[in-house]
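Undergrad:
Chains as they are written, first to last, in my numbering: chain A, 8 to 434; chain B, 197 to 488.
Take a look at the structure:
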């Protein structure tokens, strides 16, 4: 009896070993973003990889749920529970992790140069470099901030094209803003922006407009504050005028039904995710389109904007950096990029995407995404600074004081924000 | 025999208190000691801690926004506590009478206490909306101008205090009801015989007899008020112009937005000291008044 028991146990022990649990198989863990579309894309890419690479098996897991993915990554880094590969890193956080030694330098791995040459323009590659001269992230996808506008509201106001300059936008504000129910208060606006002071809200107004107005400049240059200039003042003045004249509402409207979709506001500064929302939920016949952000009349050349990148990184606690890197190369292949684009409608950072025949059918089927793909050649991310959040917080505080409540002039607001940013960088 | 008994009893005793000791060590003692050590360090969670001596205290002494946040919290308390005590007492007195549907009213007033603070805050955010809120729609229908409830620096904190009062008043009504029901009826009977009016009875019997309850309500409201967080976090994010930035919200931002863990710990200890002092003063003042 005893012999039979041990035989059965042995059979279970041997027979229960699925192929994937062989000791010579390398196992990697990959975290993706946790929205449904990206989970689906990640599952497909991982399944393809696992079939093609029986010796390197990847386990996919959406990043655990939390208020923000940044918090989860921080907790994982502290608890040393990071995955081998993560594909939804905000580049603004990369520098802190680099300083803490938690990321693998990708430019030291085989095939980095050929991958980056195939994928990035020199400009985009420069944005990937950290302050220590190495590359720790592959810029993977972008959500360029553009202006979505309600064509019907513009047509009703006698405007046949979207505003491209500040003057045009202010004129649209004058024509579109009105009181529809006769209670003496305006209830239609040309646009809206978040009045909350949370630092990251400024990506969608001041920062995107600053990049547009400055022909692609960011907040810092040579590790010093660089936004204390006339362009910044002009952006503040433009936004302040919108609030002063009542063209933008001075209140939050995010707890009610979508104000753009419901024809309450005529424009919004937003990313490509809006297309999916509008296609799903907008009333029938809702006519909209996208245009670059308005800029001062003096601006010339292509209109830049904020790119809102997400990157792929390899954490340094991985036992298999080379194998992880091979998987990263699979994630950013042309075929994988097409999968990301066609399944999740997320725009891969890939030079000449509009000219690449592999992607052409997608853009024929989804013409609205063409505007974002075109814009993706003219985007900027954020600077590499461990105190970036505080710099944005300083700007946001001054934005509130000047733009929304008008207690400071644009000149004073920009000067104060720049001074505060300088102090924070020196601390 | 006695020593034997002790030897047998002691391990069992330790076993019984072990869950509490473990809980105390992990969730109270360790965080407290760790936070205290953080006061003297710079730590952004991912990099190693760095000893900086008293630098966090020097930073605190120059941090005008933190002192503004404390001022905002005190403004909130000055509006919230009297409003809460007044309304709770009035409604408790009303609900202590023999009225129809008394049970229904008592349950109704208590309902907001058990509803999630986040849900209530989002609902009130809609009520307070300047251009689209129900409150302003009513004002306009009555011929009054719209009020910028949450977007005016002078109005935002009182608006939050009103909402917090509406949410919490049910709890204090219950406390006052318990207090009212414990006042001996013979006192009112004696006052009736002496020909006392309703107000005389209220001021000379009810209020003095409720003094211990009032003290408790003041202390609970003060401690609760000092931890003001959810309401400004969701409704205003501390705005407009930091006018609703509470001390707790500021400490939270320092810790979890900017990862200044050492500085946040310093602010936390300093703030706890202020709360302790205020509660101590309140206790002395209100208890002194209770001598009757």
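The beta carbon of each residue, even a glycine, is placed where N, CA and C say it ideally should be.
Where does residue 27 of chain A fall in DSSP's three states?
TA: In the first chain, residue 27 of chain A corresponds to position 20, counting from 1. Residue placement at residue 27 of chain A is flagged as unreliable, the pLDDT there being 45, under the threshold of 50; the coordinate-derived value follows with that caveat. The answer is helix: DSSP assigns residue 27 of chain A an H, G or I state.
Undergrad: Determine the extent of the alpha helix (DSSP H) in which residue 337 of chain A is found, giving its start and end residues.
TA: Position 330 of the first chain holds residue 337 of chain A. Residues 328-338.
Undergrad: What does DSSP give as the partner residue(s) for residue 298 of chain A in the beta ladder?
TA: Residue 298 of chain A sits at position 291 when you count from the first residue of the first chain. Its beta-bridge partners are A/154.
Undergrad: Measuring CB to CB, does residue 147 of chain A end up less than 9 Å from residue 317 of chain A?
TA: Here the question's residue 147 of chain A lines up with position 140 in the first chain. Here the question's residue 317 of chain A lines up with position 310 in the first chain. Yes, they are a contact pair.
Undergrad: Return the CA-CA distance between residue 410 of chain A and residue 243 of chain A, expressed in angstroms with no decimal places.
TA: Residue numbering aside, residue 410 of chain A sits at position 403 when the first chain is read from its first letter. Residue numbering aside, residue 243 of chain A sits at position 236 when the first chain is read from its first letter. Spanning the two alpha carbons is a distance of roughly 6 Å.
Undergrad: Going by beta carbon distance, what residues of the same chain come within less than 7 Å of residue 186 of chain A, once the five residues before and after it are set aside?
TA: Here residue 186 of chain A refers to the residue found at position 179 when the first chain is read from its first residue. Answer for residue 186 of chain A: 192, 193 and 194, listed in chain order.
Undergrad: To the nearest angstrom, how far is the alpha carbon of residue 92 of chain A from that of residue 116 of chain A?
TA: Locating residue 92 of chain A in the first chain gives position 85, counting from the first residue. Locating residue 116 of chain A in the first chain gives position 109, counting from the first residue. Roughly 15 Å between the two C-alpha positions.
Undergrad: Any C-beta of chain A sitting closer than 9 Å to the C-beta of residue 384 of chain B?
TA: To locate residue 384 of chain B, count along the second chain from 1; it is residue 188. It does not; no Cβ of chain A falls within 9 Å.
Undergrad: Evaluate residue 436 of chain B with the Cβ neighbour count: other Cβ atoms within 10 Å of its Cβ, from every protein chain shown; 16 or more gives buried, anything less gives exposed.
TA: In the second chain, the residue the question calls residue 436 of chain B occupies position 240. Classification of residue 436 of chain B: buried, given that the 10 Å Cβ count is 16 or more.
Undergrad: Expressed to the nearest angstrom, what Euclidean distance is found between the alpha-carbon atoms of residue 217 of chain B and residue 132 of chain A?
TA: Within the second chain, numbered from 1, the residue matching residue 217 of chain B stands at position 21. Within the first chain, numbered from 1, the residue matching residue 132 of chain A stands at position 125. Each residue's Cα considered, the two are about 55 Å apart.
Undergrad: Tell me which residues share the same chain as residue 247 of chain A and place their Cβ nearer than 8 Å to its Cβ, disregarding the 5 neighbours each side in the sequence.
TA: Locating residue 247 of chain A in the first chain gives position 240, where the first residue counts as 1. If we look at residue 247 of chain A and ignore the five residues flanking it on each side, its Cβ neighbours are 409, 410, 413 and 417.
Undergrad: Quick check: what's the CA-CA separation for residue 469 of chain B versus residue 197 of chain A?
TA: Position 273 of the second chain holds residue 469 of chain B. Position 190 of the first chain holds residue 197 of chain A. Using only the alpha carbons, I get a separation of about 49 Å.
Undergrad: Roughly how many angstroms lie between the CA atoms of residue 488 of chain B and residue 389 of chain B, to the nearest whole one?
TA: For the purposes of this step, residue 488 of chain B is identified with residue 292 of the second chain, where counting begins at 1. For the purposes of this step, residue 389 of chain B is identified with residue 193 of the second chain, where counting begins at 1. No answer about residue 488 of chain B holds up, because its pLDDT of 46 lies below 50 and its placement is not dependable.
Undergrad: For residue 260 of chain B, which option in B/461, B/213 and B/446 has the closest C-alpha, if you only look at C-alpha atoms?
TA: Position 64 of the second chain, counting from 1, holds the residue named residue 260 of chain B. For the residues B/461, B/213 and B/446, the minimum Cα distance to residue 260 of chain B belongs to B/446.
Undergrad: Leaving aside the five residues before and after residue 391 of chain A along the sequence, list all residues of the same chain whose C-beta is less than 6 Å from its C-beta, in chain order.
TA: Within the first chain, residue 391 of chain A is the residue found at index 384, counting from 1. Hits under 6 Å: 102, 137 and 138.
Undergrad: What in chain B is Cβ-close to residue 194 of chain A, meaning under 9 Å?
TA: Reading the first chain from its first residue, position 187 is the one you call residue 194 of chain A. Under the 9 Å cutoff, chain B gives 327 and 328.
Undergrad: Label residue 257 of chain B either buried or exposed according to how many other C-beta atoms from any shown protein chain fall within 10 Å of its C-beta, with 16 as the threshold for buried.
TA: To locate residue 257 of chain B, count along the second chain from 1; it is residue 61. Looking at its Cβ environment, which holds fewer than 16 other Cβ atoms inside 10 Å, residue 257 of chain B is exposed.
Undergrad: Alpha carbon to alpha carbon, what distance is there between residue 346 of chain B and residue 492 of chain B?
TA: Any answer about residue 492 of chain B is impossible in this case: the structure gives chain B only from 197 up to 488.
Undergrad: Which of the three DSSP states, helix, strand or coil, is assigned to residue 356 of chain B?
TA: Sequence index remark: in the second chain, residue 356 of chain B carries index 160 (1-based). Helix.
Undergrad: How big is the Cα-Cα spacing for residue 330 of chain B and residue 342 of chain B?
TA: For the purposes of this step, residue 330 of chain B is taken as the residue at position 134 of the second chain. For the purposes of this step, residue 342 of chain B is taken as the residue at position 146 of the second chain. Rounded to whole angstroms, residue 330 of chain B to residue 342 of chain B spans 10 Å at the Cα level.
Undergrad: Which residue marks the beginning of the alpha helix (DSSP H) containing residue 433 of chain A, and which one marks its end?
TA: Residue numbering aside, residue 433 of chain A sits at position 426 when the first chain is read from its first letter. 417-433 is the extent of the alpha helix (DSSP H) around residue 433 of chain A.
Undergrad: Could you tell me whether any Cβ in chain A is nearer than 9 Å to the Cβ of residue 230 of chain B?
TA: Taking the first residue of the second chain as position 1, residue 230 of chain B is located at position 34. Not an interface residue.
Undergrad: Of the choices A/362, A/294, A/403 and A/279, whose alpha-carbon is the least far from that of residue 354 of chain A?
TA: Numbered from 1 along the first chain, position 347 holds the residue referred to as residue 354 of chain A. Nearest option by C-alpha distance: A/279.
Undergrad: Using the Cα positions of residue 473 of chain B and residue 458 of chain B, report the straight-line distance between them to the nearest angstrom.
TA: As a position in the second chain, residue 473 of chain B is number 277, starting the count at 1. As a position in the second chain, residue 458 of chain B is number 262, starting the count at 1. One C-alpha to the other measures close to 23 Å.
Undergrad: Could you check whether the segment 366-382 of chain B touches the segment 400-407 of chain B, counting it as contact only if at least three pairs of C-beta atoms, one from each stretch, sit closer than 8 Å?
TA: Flag = yes, the segment 366-382 of chain B and the segment 400-407 of chain B touch.
Undergrad: Does the Cβ of residue 61 of chain A have 16 or more other Cβ atoms within 10 Å, making it buried, or fewer, making it exposed?
TA: Start at 1 with the first residue of the first chain, and residue 61 of chain A comes out as number 54. Answer is exposed; the Cβ neighbour count stays below 16.
Undergrad: Residues of chain A with CB under 9 Å from residue 347 of chain B, in chain order?
TA: Position 151 of the second chain holds residue 347 of chain B. Simply 202, 257, 258, 259, 411 and 412.
Undergrad: Would the beta-carbon of residue 295 of chain A be found less than 8 Å away from any heavy atom of the ligand FAD?
TA: For the structure depicted, the ligand FAD is absent and the ligand set is empty, with no information on it obtainable.
Undergrad: Between residue 23 of chain A and chain B, is the shortest Cβ-Cβ distance under 9 Å, so that the two count as touching?
TA: Here the question's residue 23 of chain A lines up with position 16 in the first chain. Reliability of the predicted coordinates at residue 23 of chain A is poor, the pLDDT of 48 falling under 50, and no value is obtained from them.
Undergrad: Output, in chain order, the set of chain A residues within a Cβ distance shorter than 7 Å of residue 454 of chain B.
TA: Taking the second chain and counting its residues from 1, the one referred to as residue 454 of chain B is at position 258. Those are 396 and 397, listed as they occur along chain A.
Undergrad: Where do the N-terminal and C-terminal ends of the alpha helix (DSSP H) with residue 332 of chain B fall, by residue?
TA: Your numbering for residue 332 of chain B matches position 136 in the second chain. Residues 330-337.
Undergrad: Could you pull the start and end residues of the alpha helix (DSSP H) that residue 394 of chain B belongs to?
TA: Walking along the second chain from the start, residue 394 of chain B turns up at place 198. Residues 394-397.
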